[in-house]
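Asker: Here you go, one structure.
Residue numbers (our numbering): 14 to 364.
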């Protein structure tokens, strides 16, 4: 079969999409600054089952998600930037022991906490990321400083912590992030590892014992009054991780992506799959180059490509018009939004 026969359709679609983009780019830019604002958050996806959730615990999660939403939304309605809203909303979840980010992050095999985060500005595609830090109180704040003040995109480990110190960011002892619940989770994973379970050996966070074992990454996407999108993600990674393992959350294009010409995305799930498929960027690329809607593009990635690869997780996403998509292929995902009309919605289960 000739190259044209094998690839002609895809080439034609790409060329048509490119032509549409060229013709509509100017008008899209004119429509960008609509004055509408919106924000979407997630707090992780996994085996989150109603029968395992007490009323008190469910209320605690709903309260934390609403607090993040309202904190970020207040910045947007006051004329603040989408980047400011993303950072501030994520910080509320980094400070909550309910999530796997900052306080309450999961433990490594060595009994320490290592944190990752990233942020991207859809206006000009600037991005900042940090991985494997253990003393930076707010990893998403450091990611933002890297984006704004460094010529680099990603910094890791001790070097990133030194950079944080030189820029006056707050550093804390690693014990600041420790919680008893996560320590018990580590002990369970190591017991399974001792019994020869492969998932525990590689540091899998696949759920086995109810709510304590889930993908708990947090993320936020936002649209500001200027029509600019931003996305950010923060995580402690996988329980019992070792060898300096880093997942998708700090990797631009895998766990985080934002582009005003398409959409903004934050992911949660089995990071190795999101890395191999560059799935956050994939949502935006499908939307930009095929003309599919945000919902169609996000579903194609999560219920199509991710599922076909054998991975689990989900994304929150929003386009420049404030349309929202939050698909996931797990039993639940902590998620919520305040849309362009000011309507608030918070959900947990897959129903």
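Beta carbons: idealized from backbone N, C-alpha and C, even for Gly.
Please read all numbers here as calculations on a predicted model, not as lab measurements.
For residue 53 and residue 304, I'd like the C-alpha separation in whole angstroms.
Answerer: 23 Å
Asker: Among the residues of its own chain, which have a CB less than 7 Å from the CB of residue 311, if the five just before and after it don't count?
Answerer: Correct list, in chain order: 296, 328, 330, 338 and 340.
Asker: Which two residues bound the contiguous beta strand (DSSP E) that contains residue 160?
Answerer: Where residue 160 is concerned, there is no enclosing beta strand (DSSP E), although the alpha helix (DSSP H) it sits in stretches over 152-162.
Asker: Counting only runs of 4+ residues fully inside the region 293-322, write out the alpha helix (DSSP H) ranges in chain order.
Answerer: 307-312
Asker: Which residues in the same chain as residue 359 place their Cβ atom closer than 7 Å to its Cβ, once the five residues preceding and following it in sequence are excluded?
Answerer: Around residue 359: 75, 78, 79 and 349.
Asker: Round the Cβ separation of residue 236 and residue 131 to the nearest angstrom and send it over; I've been treating them as touching at under 8 Å.
Answerer: The Cβ separation is near 19 Å, so there is no contact.
Asker: Taking only the alpha-carbon atoms, compute the straight-line gap between residue 125 and residue 169 and give it to the nearest angstrom.
Answerer: 16 Å
Asker: Give a yes or no on contact between the region 155-174 and the region 192-203, applying the rule of three or more CB pairs nearer than 8 Å.
Answerer: no
Asker: Let's test the definition: count the other Cβ atoms within 10 Å of the Cβ of residue 207 and tell me whether it reaches 16, buried, or not, exposed.
Answerer: Exposed, since its Cβ has fewer than 16 Cβ neighbours within 10 Å.
Asker: Roughly how many angstroms separate the alpha carbons of residue 393 and residue 258, rounded to a whole number?
Answerer: Given a span of 14 to 364 for the chain in the structure shown, any question on residue 393 remains unanswerable.
Asker: Excluding the 5 residues flanking residue 105 on each side, which residues of the same chain have their C-beta closer than 7 Å to its C-beta?
Answerer: 80, 81 and 84
Asker: Measure from the alpha carbon of residue 148 to the alpha carbon of each residue in 135, 166 and 187, then state which is nearest.
Answerer: 187
Asker: Work out the CA separation of residue 181 and residue 316 for me, nearest whole Å.
Answerer: 43 Å
Asker: Pick helix, strand or coil for residue 290, following the three-state DSSP scheme.
Answerer: Three-state result, residue 290: helix.
Asker: Where in the region 36-107 do unbroken runs of the alpha helix (DSSP H), each at least 4 residues long, occur, reported from the N-terminal end onward?
Answerer: 68-90 and 95-107
Asker: Would you kindly check if the distance between the Cβ of residue 113 and the Cβ of residue 248 is under 9 Å?
Answerer: In this structure, residue 248 sits near residue 113, with a CB-CB distance shorter than 9 Å.
Asker: Considering only residues of the same chain and omitting the five flanking positions on each side of residue 165, which have a CB-CB separation below 7 Å?
Answerer: 159
Asker: Would you tell me roughly how many angstroms separate the C-alpha atoms of residue 177 and residue 155, rounded to the nearest one?
Answerer: 6 Å
Asker: What are the boundary residues of the beta strand (DSSP E) that residue 246 is part of?
Answerer: 242-248
Asker: Let's test the definition: count the other Cβ atoms within 10 Å of the Cβ of residue 287 and tell me whether it reaches 16, buried, or not, exposed.
Answerer: buried
Asker: State the DSSP-derived secondary structure class of residue 209, mapped to helix, strand or coil.
Answerer: coil
Asker: Please name the residue, chosen from 240, 253, 174 and 245, that lies closest to residue 203 on a Cα-to-Cα basis.
Answerer: 253
Asker: What are the partner residues of residue 270, as DSSP defines its beta bridges?
Answerer: Secondary-structure assignment with DSSP links residue 270 through a beta bridge to 278.
Asker: The alpha helix (DSSP H) with residue 170 in it runs from where to where?
Answerer: 170-179
Asker: Assuming the contact rule is C-beta atoms closer than 8 Å, residue 268 and residue 280 should be a hit. Round their C-beta distance to whole Å, please.
Answerer: 5 Å
Asker: What span of residues does the beta strand (DSSP E) with residue 139 cover, start to end?
Answerer: 139-146
Asker: Just to check my reading of the structure: residue 56 and residue 347 have Cβ atoms closer than 8 Å, yes? What is that Cβ distance to the nearest angstrom?
Answerer: 3 Å
Asker: Sort out for me which residues DSSP pairs residue 265 with in a bridge.
Answerer: 269
Asker: Which of helix, strand or coil does DSSP assign to residue 200?
Answerer: helix
Asker: Can you give me the start and stop residues for the beta strand (DSSP E) that residue 348 sits inside?
Answerer: 345-351
Asker: Helix, strand or coil: how does DSSP classify residue 229 here?
Answerer: DSSP places residue 229 in coil when its eight states are reduced to three.
Asker: Express the C-alpha separation of residue 152 and residue 143 in angstroms, rounding to a whole number.
Answerer: 7 Å
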